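In the numbering used here, the protein residues as written are 349 to 701. Notes follow once the structure below has been shown.
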């Protein structure tokens, strides 16, 4: 994915404009700290940066940035003096921002970049907030993901939020609101970003040249940026393996576990687990005579499985997969974890009645 389109946005994504306009229309009573939360892959970082651009704009149009003033020009170049972007070093590298951070440019090539926001990054903001703004307007700080703060950086941020500088606005994004410290949550207003409208997401993906956009979007639980990323990945699409898996279950067969272990061990645990969760949601809908939400092309297979699966056991699978998702970031043996999870799902679906 072209990272510059995310880190140097000129506008909100199509599915963000309405909520952004409504939210930014109250800028005269704007809170000093906002927690922007929602599912991963829907564009929260882009939303925050585009919002920062709008708040710094000298001639906003219906709440959004005009795109033509000097402030907008500085934001597009990434050198606005009243704006800071604070991200984990590893994420900055992924987005192609290492050249803008001297601490990264001078780091040893063998040094593993941190996935946490360091206390030094937060402390650097203290000096930034003591300098007068260029034209007496806002000072914007975009930070996140909020769950990447460690104890030290969280405490440093908390101190700043307790005594906010005049005209300073923090836009903090998170993929997992439940993992954010309660003390930080209590000092932020919250803005939830919903899963984008399916038709808007599909139109955007097709503009990006994504073939079978509906399948990729379904496999990404409705998150268009995740769908685009996966469509550009050399790794087998989630929907492909799931289709084979579900087809075997529909024929009342136990899938070849070794085959699926080999296919899934290359993927992040959280990704294929989410795909399984979507399958169970679809199966539950089918058991109640409703159309599948995530993978409509698998409807016939769902019906065959639903005909012999008990609703109780399907509900139990949903709870089981939620528990497995909590273990996804633990250093478990990947092959054993995949095998155990798929076997549990398979047995409940094949012998569930």
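Note that beta-carbon positions come from the ideal geometry of N, C-alpha and C, so glycine has one too. None of these values were measured; they are calculated from a predicted model.
For residue j and residue i, the rounded distance between their alpha carbons
{"i": "residue 363", "j": "residue 537", "result": "22 Å"}
{"i": "residue 541", "j": "residue 638", "result": "26 Å"}
{"i": "residue 510", "j": "residue 635", "result": "51 Å"}
{"i": "residue 566", "j": "residue 406", "result": "40 Å"}
{"i": "residue 612", "j": "residue 430", "result": "45 Å"}
{"i": "residue 651", "j": "residue 493", "result": "40 Å"}
{"i": "residue 432", "j": "residue 676", "result": "32 Å"}
{"i": "residue 692", "j": "residue 435", "result": "38 Å"}
{"i": "residue 373", "j": "residue 367", "result": "10 Å"}
{"i": "residue 667", "j": "residue 673", "result": "10 Å"}
{"i": "residue 572", "j": "residue 590", "result": "19 Å"}
{"i": "residue 664", "j": "residue 616", "result": "23 Å"}
{"i": "residue 581", "j": "residue 630", "result": "25 Å"}
{"i": "residue 749", "j": "residue 649", "result": "Summary: the structure shown does not reach residue 749, with the chain confined to residues 349 through 701, and so no result is reported for it."}
{"i": "residue 392", "j": "residue 550", "result": "18 Å"}
{"i": "residue 505", "j": "residue 381", "result": "11 Å"}
{"i": "residue 396", "j": "residue 402", "result": "10 Å"}
{"i": "residue 610", "j": "residue 360", "result": "39 Å"}
{"i": "residue 386", "j": "residue 524", "result": "7 Å"}
{"i": "residue 383", "j": "residue 621", "result": "27 Å"}
{"i": "residue 473", "j": "residue 379", "result": "18 Å"}
{"i": "residue 477", "j": "residue 377", "result": "20 Å"}
{"i": "residue 671", "j": "residue 527", "result": "16 Å"}
{"i": "residue 513", "j": "residue 603", "result": "59 Å"}
{"i": "residue 483", "j": "residue 408", "result": "15 Å"}
{"i": "residue 375", "j": "residue 659", "result": "49 Å"}
{"i": "residue 681", "j": "residue 687", "result": "10 Å"}
{"i": "residue 496", "j": "residue 439", "result": "10 Å"}
{"i": "residue 601", "j": "residue 388", "result": "34 Å"}
{"i": "residue 592", "j": "residue 576", "result": "22 Å"}
{"i": "residue 574", "j": "residue 547", "result": "16 Å"}
{"i": "residue 498", "j": "residue 578", "result": "29 Å"}
{"i": "residue 486", "j": "residue 508", "result": "16 Å"}
Selection from the options that minimises the alpha carbon distance to residue i
{"i": "residue 491", "options": "566, 520, 539, 619", "result": "520"}
{"i": "residue 544", "options": "528, 568, 611, 527", "result": "568"}
{"i": "residue 365", "options": "398, 383, 467", "result": "398"}
{"i": "residue 657", "options": "632, 640, 529, 499", "result": "632"}
{"i": "residue 390", "options": "369, 654, 371, 522", "result": "522"}
{"i": "residue 645", "options": "564, 678, 427", "result": "564"}
{"i": "residue 697", "options": "437, 619, 627", "result": "627"}
{"i": "residue 346", "options": "685, 517, 371", "result": "The structure shown does not extend to residue 346, since the chain is modelled only from 349 through 701, so no value can be given for it."}
{"i": "residue 489", "options": "623, 518, 468", "result": "518"}
{"i": "residue 699", "options": "640, 661, 683, 688", "result": "661"}
{"i": "residue 643", "options": "438, 419, 623", "result": "623"}
{"i": "residue 614", "options": "443, 683, 415, 553", "result": "683"}
{"i": "residue 618", "options": "579, 654, 653, 685", "result": "685"}
{"i": "residue 595", "options": "443, 417, 694", "result": "694"}
Three-state class that DSSP yields for residue i in the structure shown
{"i": "residue 678", "result": "coil"}
{"i": "residue 432", "result": "strand"}
{"i": "residue 578", "result": "helix"}
{"i": "residue 385", "result": "strand"}
{"i": "residue 466", "result": "coil"}
{"i": "residue 522", "result": "strand"}
{"i": "residue 477", "result": "coil"}
{"i": "residue 360", "result": "coil"}
{"i": "residue 572", "result": "helix"}
{"i": "residue 699", "result": "coil"}
{"i": "residue 548", "result": "helix"}
{"i": "residue 538", "result": "strand"}
{"i": "residue 378", "result": "coil"}
{"i": "residue 641", "result": "coil"}
{"i": "residue 350", "result": "The predicted model places residue 350 with a pLDDT of 39, which falls under 50 and marks its position as unreliable, so this point remains unresolved."}
{"i": "residue 409", "result": "strand"}
{"i": "residue 529", "result": "coil"}
{"i": "residue 656", "result": "coil"}
{"i": "residue 372", "result": "helix"}
{"i": "residue 622", "result": "helix"}
{"i": "residue 450", "result": "The pLDDT assigned to residue 450 is 38, lower than 50, so where the model puts this residue is not dependable; a value taken from the coordinates is nonetheless given after this. Residue 450 falls in the helix class under three-state DSSP."}
{"i": "residue 646", "result": "helix"}
Outcome for residue i when other beta-carbon atoms lying within 10 angstroms are tallied against a minimum of 16
{"i": "residue 531", "result": "exposed"}
{"i": "residue 607", "result": "exposed"}
{"i": "residue 588", "result": "exposed"}
{"i": "residue 394", "result": "buried"}
{"i": "residue 647", "result": "exposed"}
{"i": "residue 598", "result": "buried"}
{"i": "residue 463", "result": "exposed"}
{"i": "residue 534", "result": "exposed"}
{"i": "residue 679", "result": "exposed"}
{"i": "residue 480", "result": "exposed"}
{"i": "residue 469", "result": "buried"}
heavy atom of the ligand GTP below 7 Å from residue i C-beta
{"i": "residue 550", "result": "By its list of ligands, the structure shown contains no ligand whatsoever, and the ligand GTP lies outside what it can speak to."}
Is it true that the stretch 421 to 436 meets the stretch 546 to 564, where meeting means three or more beta-carbon pairs spaced less than 8 Å apart?
no
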